[in-house]
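> Please see the structure below; I have some questions.
Numbering (this note's numbering), first residue to last: 1 to 492.
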């Protein structure tokens, strides 16, 4: 429950879309904001920070007692509850230059274990007559804090009279909430769009950019495999896959770029149930030493997966670049577009390893510590289980890749957030949007069987008739993660 009293203040002018920008102002304080605006230096103003000092927490609790128990009478003796006892709860406070606590709010996970669903509550400000923008600043800071922690759903029960304030800050009214001591509340939700942004930036341009290729006979793959991870070569049992590594990554981390160039291509073959037979590489670098480091990474990965590099192209004295083509064989390639509404979606993932140094919350490295036998077992999962549809998780993340599989199948998808297997060292938001090393999505009438090797498999969703990807939470609420299609290429 949140209560702001009369805290809108002058900070509410301007469009709601500036909420994230204004969070910076709340953290820096009025002096820094004045400098950034080009005005004269002002006296230091209140800042929002995490309350870690016992004295600061006690001051916040006193404000809450005065407001919710004594003034409003919402609680008979105390407003303290189990959320205050939860060690995961974070309290944000607005503090004056002299250390006086001017207001605060608490934010906390709604489930055990934390599945990326948090709520805000007990928002209070000390002096409503001179509060300025303290209330809105606390709200914005809470939104920024949960998003930084990988939260994908952030709720609050707000007294009816304060819904316009939250709406002006970008929150969405999701319906009637509880009535507490005669005061009606509304359920408000902060729209976390992390997954949608990733899908938009990595895949949404594909249909337009690839239109000239799609217009050709057989372009972008034969019927049923258009836009797939690999391309069955017509008239043969060959499957070809090709991926390039970002030039910036090749430049700053050449060995790891070389390793990943093999990893991603063999993952694409694996998704189609193909047994890899060889690789071709195209490598360019400004100096021989840099080229050597790239090739070392490619060679190490090729040896780890026991797949030879058959040839390719090498160039020195030019900007860094790296792409690899992988060739594999299968008489029955598994398409991404073979799913149907009602099919069960399973995720098979290697949860070992950790965040790759330098790529925190972007790349999970499970492969570099695996043996060749383990890597080959993982690579053969789809071939052994023969699902109706499969797709290797790409840079679009688990949910974005699920959207691509659903799009190719002419369906949508719904995930049970609590059922998605996840490493202990990753937040839900980071795990669902990172490149996870080895992670395979499959769809079929039945759940995927347990995999051979070190990965785990879990049934975590199903394909639906409604386009897009939705997340189902333990309380039955469903939120939209991806609206509509991901690539625009349509059904395969």
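Beta carbons: idealized from backbone N, C-alpha and C, even for Gly. This structure is a prediction, so every number in the text was calculated from the model and none was measured.
1) Excluding the 5 residues preceding and the 5 following residue 145 in the sequence, name in chain order all residues of the same chain whose CB lies nearer than 6 Å to its CB.
2) Any idea what DSSP makes of residue 30, helix, strand or coil?
3) Taking DSSP as the reference, what is the three-state secondary structure of residue 395?
4) With a 10 Å radius around its C-beta and 16 neighbouring C-beta atoms as the bar for buried, classify residue 179 as buried or exposed.
5) At what residue ranges does the region 160-211 contain a whole run of the alpha helix (DSSP H), taking only runs of 4 or more?
6) Evaluate contact between the region 67-80 and the region 93-110, counting only Cβ atoms and requiring at least three cross-stretch pairs below 8 Å.
7) So, for residue 488: in the same chain, excluding its five sequence neighbours on each side, which residues have a beta-carbon less than 6 Å away from its beta-carbon?
8) Suppose only complete runs of 3+ residues qualify. What are the beta strand (DSSP E) ranges in the region 426-477, listed by chain order?
9) Determine the direct distance from the alpha carbon of residue 275 to that of residue 485, and round the result to whole angstroms.
10) Which of helix, strand or coil does DSSP assign to residue 491?
11) Does the contact criterion of 3 or more C-beta pairs under 8 Å hold for the region 314-325 versus the region 386-405?
12) Suppose only complete runs of 3+ residues qualify. What are the beta strand (DSSP E) ranges in the region 213-264, listed by chain order?
13) Whole angstroms are fine: how far does the CA of residue 296 sit from the CA of residue 134?
14) Spatial neighbours of residue 37 within its chain, please: C-beta separation below 6 Å, excluding the five flanking residues on both sides.
15) Just how far apart, CA to CA, sit residue 423 and residue 455?
16) Please tell me whether residue 460 and residue 392 are closer than 7 Å, where the distance is taken between their beta carbons.
17) Per DSSP, which residues does residue 323 bridge with? Please list them.
18) Would you call residue 50 buried or exposed, if buried means 16 or more other Cβ atoms sit within 10 Å of its Cβ?
19) Tell me which same chain residues have a C-beta within less than 8 Å of the C-beta of residue 318, skipping the five on either side of it?
20) Can you find a C-beta in chain D that's less than 7 Å from the C-beta of residue 247?
21) Check whether the Cβ atoms of residue 175 and residue 157 lie closer than 7 Å to each other.
22) Using 10 angstroms around the beta-carbon of residue 343, count the other beta-carbons present and answer buried if the total reaches 16, otherwise exposed.
23) On the three-pair Cβ rule with 8 Å, is the region 110-118 touching the region 51-62?
24) If I measure Cβ to Cβ from residue 150 and keep anything under 7 Å in the same chain, skipping five residues before and after, which residues do I get?
25) Quick one: is residue 478 buried, meaning 16 or more other Cβ sit within 10 Å of its Cβ, or exposed?
26) According to DSSP, simplified to helix, strand and coil, what is residue 358?
27) Taking only three categories from DSSP, how would you classify residue 541?
28) DSSP on residue 104, reduced to helix/strand/coil?
29) Going by other Cβ atoms of all chains shown within 10 Å of its Cβ, with 16 needed for buried, is residue 338 buried or exposed?
30) In three-state DSSP terms, what is residue 267?
31) Specify the secondary structure class of residue 141 as computed by DSSP and reduced to three states.
32) Between which two residues does the beta strand (DSSP E) containing residue 314 stretch?
33) Does the count of Cβ pairs from the region 228-246 and the region 261-276 closer than 8 Å reach three?
34) Taking contact to mean 3 or more Cβ pairs, one atom from each stretch, closer than 8 Å, check whether the region 288-308 and the region 220-233 are in contact.
35) Can you tell me where the beta strand (DSSP E) holding residue 289 begins and where it ends?
36) With a threshold of 6 Å, establish whether the CB of residue 480 neighbours any heavy atom of the ligand MN.
In brief:
1) none
2) Annotation note: pLDDT 34 at residue 30 (below 50); position unreliable, no value reported.
3) DSSP places residue 395 in coil when its eight states are reduced to three.
4) The residue in question, residue 179, is exposed, as its Cβ has fewer than 16 Cβ neighbours within 10 Å.
5) 163-168, 194-202 and 206-209
6) no
7) 207
8) Counting whole runs of 3 or more residues, the region 426-477 contains the beta strand (DSSP E) stretches 439-444, 456-464 and 469-472.
9) 30 Å
10) In this structure, residue 491 counts as coil in the three-state DSSP scheme.
11) no
12) 238-245
13) 55 Å
14) Residue confidence for residue 37 is low, a pLDDT of 38 falling below 50, so the modelled location carries little weight and cannot support an answer.
15) 11 Å
16) no
17) 244 and 282
18) Exposed is the label assigned to residue 50, since fewer than 16 other Cβ atoms lie within 10 Å of its Cβ.
19) 284, 285 and 286
20) Among the chains of the structure shown, chain D does not appear; only one protein chain is present.
21) no
22) buried
23) no
24) For residue 150, same chain residues with a beta-carbon under 7 Å away, outside a window of 5 residues either side, are 116, 427, 428, 429 and 430 in chain order.
25) exposed
26) It is coil, neither helix nor strand.
27) It is not possible to answer for residue 541, since the shown part of the chain is limited to 1 through 492.
28) Of the three classes helix, strand and coil, the one that applies to residue 104 here is strand, per DSSP.
29) buried
30) helix
31) helix
32) Unbroken beta strand (DSSP E) run through residue 314: 309-316.
33) yes
34) They do not touch, by the three-pair rule.
35) Looking at the DSSP string, residue 289 is not in any beta strand (DSSP E); the run it does join, the alpha helix (DSSP H), is 288-305.
36) Summarising the ligand content, the structure contains no ligands, and the ligand MN is consequently not present.
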